[in-house]
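Below is one structure, written out as structure tokens; the observations come after it.
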Amino acid sequence: MEKAHRLCPQFEYAFELLGKRWTGLIIRALLEGPKRFKEISAMIPGMSDKMLAERFKELEAAEILTRNIYPETPVRIEYELTDKGKALKPAMDEVQIWAEKWLNHSEP
């Protein structure tokens, strides 16, 4: 029996991580620059704060974003893409171009 052909594990992991609901929109928002939790929450209606916090943890663990804490009163926390996260910009731009060309606005 032939060995099954397996795609690149890194490619598979990338799509597993980036393909999760809301993740692409979070990255897209942060490509504009650092943002606070509530700013991103307001940019993505329909996503709960609990889900946003969960996605932040996943993206931080994957070193795609970082959480910056500023010792002010009150404490200010901003989320920002790392160099690894910023490197997704060309791919995200291409997905945007593809979506505008091929997907109907009424599709989910």
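Each residue of the sequence shown is one higher than the last, beginning at 1 in the UniProt record's numbering. From the three backbone atoms N, C-alpha and C, an ideal C-beta is built for every residue, glycine too.
Let's test the definition: count the other Cβ atoms within 10 Å of the Cβ of residue i and tell me whether it reaches 16, buried, or not, exposed.
i      : result
MET1   : Reliability of the predicted coordinates at MET1 is poor, the pLDDT of 45 falling under 50, and the value obtained from them is presented with this limitation in mind. It is exposed - the Cβ of MET1 has fewer than 16 other Cβ atoms within 10 Å.
LEU7   : exposed
LEU103 : exposed
GLY85  : buried
Between the alpha carbons of residue i and residue j, how many angstroms are there, rounded?
i     : j     : result
MET92 : GLY33 : 15 Å
SER41 : PRO9  : 32 Å
LYS87 : PHE11 : The question names Lys, but residue 87 in the sequence shown is Ala. One C-alpha to the other measures close to 15 Å.
SER48 : GLU54 : 10 Å
PRO90 : PHE15 : 16 Å
LYS50 : GLU94 : 29 Å
THR73 : LEU52 : 24 Å
PRO45 : GLN96 : 19 Å
So residue i packs on residue j, CB below 8 Å; how close in whole Å?
i           : j     : result
LYS38       : TYR79 : Between TYR79 and LYS38 the Cβ distance is about 11 Å, and since that is not below 8 Å, they are no contact.
ILE64       : LEU81 : 7 Å
residue 138 : LEU30 : Residue 138 lies beyond the stretch modelled for the chain, which goes from 1 to 108, so this question has no answer here.
THR66       : GLU58 : Going by Cβ atoms, the distance from THR66 to GLU58 rounds to 13 Å, so no, they are not a contact pair.
Ignoring anything shorter than 4 residues, give me the alpha helix (DSSP H) runs that lie fully in the UniProt domain "HTH hxlR-type" (8-107), in order along the chain. 9-18, 23-30, 37-43, 49-61, 83-86, 89-102
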